[in-house]
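The structure under discussion appears below in the form of structure tokens.
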Amino acid sequence: MDQKTEAEIVIRVLKGDRQAYALLVEEYKTPIYNLAYRMTNNVEDAEDMAQETFLRSFRELSRYDTNRRFYTWLYTISLNLIRNYLKKTGFRKNDSRNANVSSDVETIALREADDADMSHKDREKQIEICLQKLSTELRELLVLRFYQGLSFEEIAVITGLSQSAVKMRVYRGLEKLRKYIQKM
Amino acid sequence: MFKDEEEKLMHFRDLTEIMENTGQKKIHDNFTAKVMSRISEESETSRSFSFRRLFSTNLKFGFQYSVTRTECAFYFFLTGFFYFILGLIMMIGLPLPAVMQNNGWLSIQPLFGLLLSVELTAIGINVYKNGDSAFHLVRAGTLLYAALIILNGWLGVLYIKVPVVIIFTAVFSVTGLIIAVLLGLAIDHYHQETIFSEVRG
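Protein sequences appear in the order of chains A and B.
For what it's worth, numbering that gives the first Met the number 0 labels the leading residue of the first sequence as 0, then goes sequentially.
For what it's worth, numbering that gives the first Met the number 0 labels the leading residue of the second sequence as 0, then goes sequentially.
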């Protein structure tokens, strides 16, 4: 969906055609849900976060600047919700999740002693586990860049950081991710 | 500098490729229907007041960019400070002609200025501390501020019979209302601060 179409849909919604908003939900539900899933590592929480993101954006639609891509705005809303959610509930969850992660890690480490023999699926799982150990800020950037496939420029718009700051943090995140994987 | 960073990222190609090729999780088909039904439920129960709608115009004025929580709070603090200084000046006492010295309306003006100052500062604190969740209250507070300005101006016109003072009161009230509109526009342009706002360049 291009920017012009998005802007037209938003105008229709603001004029009272509420059902037109379904087009935007349909278009962006998968990336928003996946972002929430990668951040919370929980299917139910991810769905709640995604629903909340679309509800919040609907409520605040009059504030949406049509010169900006809709999805960047949506991502900003989503990240704020996720951040708040993790701050409120994530601390304890992370503790228990990290405990699970440790046992998962040991299982994988025992099962797959040699890196070279690791299957692609196992590597994928390993990265997912180690990703949860990263700080929320670094994890977000890695998810946006690599799982969501956004450009550094788009991430800079979403997060309000400069492009070089995004690159630096992504680099730092990858470094940490590598360290965690090597420790496994 | 950028090229250097990209080269650094190339060292992690093995990790990034796996992440890039990981499939997207599918969400169930009735997700959109669920969101839309929640929107319908919400829309029926609440209709939020918007200054932008009230003062809707095709003219290009106001805030070009989104206003962050800190900026929005700052505008309220600044306006509150303005009324605080105004209230203090009036309290210390400007020389008034003898005919006006017993005027009830004039005697409450310092207190009125301080009252507005307290109200606007409280709104500013509310915005700064609670952000998004405070905005219904903040809108109501801004409307109250506008209502107090109108009421005060109206009372002033009723109580003071001196034409010059009436003009002065009218100008003062209109200025107050313009400030109220600008604060309202700031609220309408409010956009959540991103999680990285504190390190934004």
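We put the beta carbon where it would ideally sit given N, CA and C, even for glycine.
Chain B residues whose Cβ lies nearer than 8 angstroms to that of residue i
| i | result |
| --- | --- |
| Glu-153(A) | Here the premise fails: no neighbours, minimum Cβ distance about 13 angstroms. |
| Ile-184(A) | For chain A, the structure presents residues 0 to 183; residue 184(A) sits outside this window and is missing. |
Min CB distance residue i to chain A below 8 angstroms
| i | result |
| --- | --- |
| Gln-108(B) | no |
| Glu-70(B) | no |
| Lys-128(B) | no |
| Phe-80(B) | no |
| Thr-15(B) | yes |
| Phe-83(B) | no |
| Phe-11(B) | yes |
| Met-18(B) | yes |
Rounded Cβ spacing between residue i and residue j (contact assumed at less than 8 angstroms)
| i | j | result |
| --- | --- | --- |
| Ser-56(A) | Leu-73(A) | 6 angstroms |
| Leu-85(A) | Glu-41(B) | Between Glu-41(B) and Leu-85(A) the Cβ distance is about 25 angstroms, and since that is not below 8 angstroms, they are no contact. |
| Met-48(A) | Gln-125(A) | Actually they are not in contact, since the Cβ atoms of Met-48(A) and Gln-125(A) sit about 25 angstroms apart, beyond 8 angstroms. |
| Thr-78(B) | Ile-178(B) | 6 angstroms |
| Thr-52(A) | Ser-77(A) | 4 angstroms |
| Leu-137(A) | Gly-172(A) | 4 angstroms |
| Glu-25(A) | Thr-31(B) | 5 angstroms |
| Ala-35(A) | Ile-81(A) | 6 angstroms |
| Leu-140(A) | Arg-122(A) | With 8 angstroms as the limit, Leu-140(A) and Arg-122(A) do not qualify as a contact, their Cβ atoms being about 20 angstroms apart. |
| Ile-186(B) | Thr-141(B) | 6 angstroms |
| Phe-75(B) | Leu-182(B) | 7 angstroms |
| Trp-104(B) | Leu-154(B) | 6 angstroms |
Neighbour list for residue i in chain A, Cβ cutoff strictly below 8 angstroms
| i | result |
| --- | --- |
| Arg-37(B) | Gln-50 and Leu-54 |
| His-188(B) | Arg-62 |
| Leu-8(B) | Lys-166, Val-169, Tyr-170 and Leu-173 |
Contacts of residue i in chain B (Cβ-Cβ under 9 angstroms)
| i | result |
| --- | --- |
| Lys-28(A) | Ile-26, Phe-30, Thr-31 and Val-34 |
| Asn-33(A) | Gln-23, Lys-24 and Ile-26 |
Within-8 angstroms CB hit, residue i to chain B
| i | result |
| --- | --- |
| Tyr-70(A) | no |
| Arg-91(A) | Residue confidence for Arg-91(A) is low, a pLDDT of 45 falling below 50, so the modelled location carries little weight; the figure read from the coordinates is stated next. No, Arg-91(A) lies away from the interface with chain B (no Cβ there is under 8 angstroms from its Cβ). |
| Val-242(A) | In the structure as shown, chain A starts at 0 and stops at 183, and residue 242(A) therefore has no counterpart that could be examined. |
| Leu-176(A) | yes |
| Leu-173(A) | yes |
| Tyr-179(A) | no |
| Glu-43(A) | no |
| Glu-123(A) | yes |
| Tyr-17(A) | In the sequence as displayed, the identity of residue 17(A) is Arg instead of Tyr. So, interface residue. |
| Tyr-84(A) | no |
| Glu-111(A) | Caution applies to Glu-111(A), whose pLDDT of 46 falls short of 50 and renders its modelled position unreliable; the value that the coordinates give is listed next. No, Glu-111(A) lies away from the interface with chain B (no Cβ there is under 8 angstroms from its Cβ). |
| Ile-107(A) | In this predicted model, Ile-107(A) has a pLDDT of only 47, less than 50, meaning its place in the structure is not dependable; the value taken from the coordinates is given anyway. So, not an interface residue. |
| Ser-134(A) | no |
Beta-carbon proximity check, residue i vs residue j, cutoff 8 angstroms
| i | j | result |
| --- | --- | --- |
| Val-156(B) | Thr-168(B) | yes |
| Phe-81(B) | Arg-177(A) | no |
| Thr-15(B) | Phe-151(A) | no |
| Tyr-32(A) | Lys-128(B) | no |
| Tyr-179(A) | Lys-120(A) | no |
| Val-137(B) | Asn-125(B) | yes |
| Ile-26(B) | Lys-28(A) | yes |
| Ile-157(A) | Thr-71(A) | yes |
| Val-9(A) | Phe-69(A) | yes |
| Leu-176(B) | Ala-139(B) | no |
| Gly-123(B) | Leu-85(B) | no |
| Tyr-158(B) | Cys-71(B) | no |
| Asn-151(B) | Ser-132(B) | no |
| Ala-19(A) | Val-12(A) | yes |
| Gln-50(A) | Val-34(B) | yes |
| Leu-119(B) | Tyr-170(A) | no |
Interface partners of residue i on chain A, CB under 7 angstroms
| i | result |
| --- | --- |
| Thr-21(B) | Glu-123 and Tyr-146 |
Proximal chain A residues relative to residue i, where beta-carbon distance stays under 9 angstroms
| i | result |
| --- | --- |
| Glu-41(B) | Leu-54, Phe-57 and Arg-58 |
Chain B contact residues for residue i, given Cβ-Cβ distances below 7 angstroms
| i | result |
| --- | --- |
| Glu-7(A) | The premise fails here: Glu-7(A) is roughly 18 angstroms from chain B at the closest Cβ pair, so nothing lies under 7 angstroms. |
Length-filtered (3 minimum) beta strand (DSSP E) runs lying within the stretch 156-184 of chain B: Whole beta strand (DSSP E) segments, 3+ residues: zero.
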